Amino acid sequence: MEQSGPVELTRISDRLLATSVIGLGRLAAVSHNGSIPVTGTLVLETNRGFITLSYTQQGLSVRGPEQRSEIRWTTEPDLTMDHQAAAEEWLELIAIEDRPHTTTLPLAVDTVTGWFGLGPWVDTFAILLTGGDRTLVLTTTDEFDLTTSTPEHARQRAKLAAANMNLRFTEQVQSL
1 MEQSGPVELT
11 RISDRLLATS
21 VIGLGRLAAV
31 SHNGSIPVTG
41 TLVLETNRGF
51 ITLSYTQQGL
61 SVRGPEQRSE
71 IRWTTEPDLT
81 MDHQAAAEEW
91 LELIAIEDRP
101 HTTTLPLAVD
111 TVTGWFGLGP
121 WVDTFAILLT
131 GGDRTLVLTT
141 TDEFDLTTST
151 PEHARQRAKL
161 AAANMNLRFT
171 EQVQSL
């Protein structure tokens, strides 16, 4: 999970500070035979466009903001959004069904916090988007997925994961 070291949060916060998150979804790979949700990817709809967060064994990547038509899945970059007449497969943005830990949207982001594990590599455990007294917590999972959580649960998981991987837990915060 090689990543960029101590400035890890900047490439995320630069895209999210001073934005309003107005929607949260997941990509699905779709064909005429049905659809399969794409794990490891969350898409934030913001007032500036769509921001895609992807978590794989190589770490967390961020893409955007971009228009809906430009959203891509890292694993299959040739798949485009929405059905085209000649396409056998395409991507669709689907709502996340079970979001019990998601704050009310829209959320005007004034602070971005990252919880990381530092050692021979950098691992991202959670990204917290805060606006006023509300926080949207995006957390990574052991299955290389991204989900929403509470700050308490995400912090507990991050500290446990860091200890189990012999990494040092660290928090980075960037605010307006």
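Just so it is clear: in the sequence shown, position 133 is 133 by UniProt numbering, and no numbers are missing. Virtual Cβ for every residue (Gly too), placed ideally from N, Cα, C. For clarity, every value in this text was computed on a predicted model and none was experimentally measured.
- A straight line joining the alpha-carbon of residue 93 with that of residue 117 spans about 30 Å.
- By the 16-neighbour rule on beta-carbons within 10 angstroms, residue 123 is buried.
- One alpha carbon belongs to residue 132, the other to residue 87, and they sit about 44 Å apart.
- Residue 30 sits away from residue 73, with the two beta carbons spaced by 7 Å or more.
- Just measuring C-alpha positions, the residue of 157, 150, 28 and 19 sitting nearest residue 71 is 28.
- When the Cα atoms are used, residue 12 and residue 81 turn out to be separated by approximately 23 Å.
- Taking a C-beta distance under 7 Å as the contact criterion, residue 49 and residue 66 qualify as a contact pair.
- Judged by DSSP secondary structure, residue 57 falls outside any beta strand (DSSP E); it is assigned neither H nor E.
- Scanning the stretch 70–137 from its first residue to its last, the whole beta strand (DSSP E) runs of 3-plus residues come out as 89–95, 111–118 and 122–131.
- Following the DSSP letters along the chain, one finds residue 28 in no alpha helix (DSSP H) but inside the beta strand (DSSP E) bounded by residues 20–31.
- When only Cα atoms are considered, residue 10 and residue 53 end up about 14 Å apart.
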